[in-house]
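Residue numbers (my numbering): 322 to 399. Virtual Cβ for every residue (Gly too), placed ideally from N, Cα, C. The structure under discussion appears below in the form of structure tokens.
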């Protein structure tokens, strides 16, 4: 089995840190944010998308599948 290390993204800026939980190593990195519930902000995920040419992101939490039109963000839960 060829296991690859988990990838993630961190921006450390005074008073404004940001992180994306996982990056899926496809030809274009797909950022994945894991949340404990439906509430919460996607500030870090949106910041990553702004700083890169990524047009698709995934948010995982315990709810139904939802794609936010015009954002490229798909949300998936149980």
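Which parts of the segment 333 to 364 are runs of the alpha helix (DSSP H), unbroken and 4 residues or longer, counting only runs that do not cross its ends?
-> none
Q) Apart from the five residues on each side of it in sequence, which residues of its chain come closer than 6 Å, Cβ to Cβ, to residue 339? A) 332, 365, 368
Is the Cβ-Cβ distance between residue 330 and residue 346 less than 8 Å?
no
Point to revise | DSSP three-state assignment for residue 324, whether helix, strand or coil | key: coil
* In the structure shown, what three-state DSSP assignment does residue 366 receive? -> helix
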